[in-house]
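*Asks:* After the structure tokens below, expect a handful of questions from me.
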Amino acid sequence: MTAKSEPVQEDLVLALPKGRILDELRPLLGRVGIVPEPEFDNDNSRHLRFRTNHPHLSLIRVRSFDVATFVAFGAAHLGVAGNDVIMEFDYSELYAPLDLGIGRCRLSVAEPVALSETDDPARWSHVRVATKYPEITRRHFAARGVQAECIKLNGAMELAPALGLCRRIVDLVSSGATLRANGLAEVETIADISSRLIVNRAALKTRPEELHGWIECFREATHAP
36 MTAKSEPVQE DLVLALPKGR ILDELRPLLG RVGIVPEPEF DNDNSRHLRF RTNHPHLSLI
96 RVRSFDVATF VAFGAAHLGV AGNDVIMEFD YSELYAPLDL GIGRCRLSVA EPVALSETDD
156 PARWSHVRVA TKYPEITRRH FAARGVQAEC IKLNGAMELA PALGLCRRIV DLVSSGATLR
216 ANGLAEVETI ADISSRLIVN RAALKTRPEE LHGWIECFRE ATHAP
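Set out below in structure tokens:
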């Protein structure tokens, strides 16, 4: 009788966001001890999945909004996503155990400067808003008894008031320079935003030792002096 072979587990997949957050994340990956293959640092590379110095850990590099989807549906086991993305999708399969302290900004309501000088947000009953975050926006205004009509845009939000699409936008704000350059002013903050380590809940049950190990590695690296 031949012995049954143990099933080979698939590699763990860590989903990372492209762009500015990835630039902030690179030093943290080094402190965690994750060294991607050289191709990972080639911004012009068409590759989306990369090997690391850990034989059973690979990285994928995707759009920030897609990180949460890959992790929630189990295509990736863990990832890094802003809590704006987590709040927008509200996936039950996502567990966010750790604030990584990077990608800090805020999600805010903005409107033309001239309007803001006389406007009182406390008196709004209905607003028309351009935003990448319709679910967060609706929930935020509904909690105040305000009906929000959301126009979904994926970029160039600041153009919407100037072109008459709407009078207000909800968008991420860091320094506020882009708003000022387009004649807009913040009038309300919805949430403070930072990037979180996220984990697929089902994977955490089936591969607890590996995933808890990586969570602790990220925790120690995040709090290192």
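FYI, the numbering for the sequence shown is 36 to 260, going by this note's numbering. Idealized CB from N, CA, C, for every residue including glycine. Predicted, not measured: the structure shown is a model, and the values here were computed from it.
Could you tell me whether the region 216-229 touches the region 137-146, where touching means 3 or more Cβ pairs closer than 8 Å?
*Replies:* yes
*Asks:* State the DSSP-derived secondary structure class of I137, mapped to helix, strand or coil.
*Replies:* coil
*Asks:* At the level of alpha carbons, what is the spacing between A238 and P62?
*Replies:* 26 Å
*Asks:* State the start and end residues of the unbroken alpha helix (DSSP H) segment that holds L188.
*Replies:* Premise fails: L188 is in no alpha helix (DSSP H) and is neither H nor E.
*Asks:* For a test of the three-state rule: what should DSSP assign to E152, helix, strand or coil?
*Replies:* coil
*Asks:* If you draw a straight line from the alpha carbon of I204 to that of G114, how long is it in whole angstroms?
*Replies:* Straight-line spacing of the CA atoms in I204 and G114 works out to 28 Å.
*Asks:* Would you check if there are 3 or more beta carbon pairs closer than 8 Å linking the region 156-172 to the region 187-201?
*Replies:* yes
*Asks:* Could you tell me if R55 is buried or exposed, where buried requires 16 or more neighbouring beta carbons within 10 angstroms of its beta carbon?
*Replies:* exposed
*Asks:* Is there a C-beta anywhere in chain D that falls below 9 Å from the one on V222?
*Replies:* No chain D appears in this structure, which consists of one protein chain only.
*Asks:* What's the C-alpha gap between M192 and F100?
*Replies:* 17 Å
*Asks:* Can you name the start and end residues of the alpha helix (DSSP H) that G65 belongs to?
*Replies:* Start and end: 55-67.
*Asks:* What are the start and end residues of each continuous alpha helix (DSSP H) run of 4 or more residues lying completely inside the region 200-234, in chain order?
*Replies:* 212-216
*Asks:* Using beta-carbon positions only, say whether A131 and I233 come within less than 9 Å of one another.
*Replies:* yes
*Asks:* Strictly by DSSP, which residues pair up with Y130?
*Replies:* V234
*Asks:* Answer with buried or exposed for G14, where buried requires no fewer than 16 other C-beta atoms within 10 angstroms of its C-beta.
*Replies:* One cannot answer for residue 14 here, as it falls past the ends of the chain, which runs 36 to 260.
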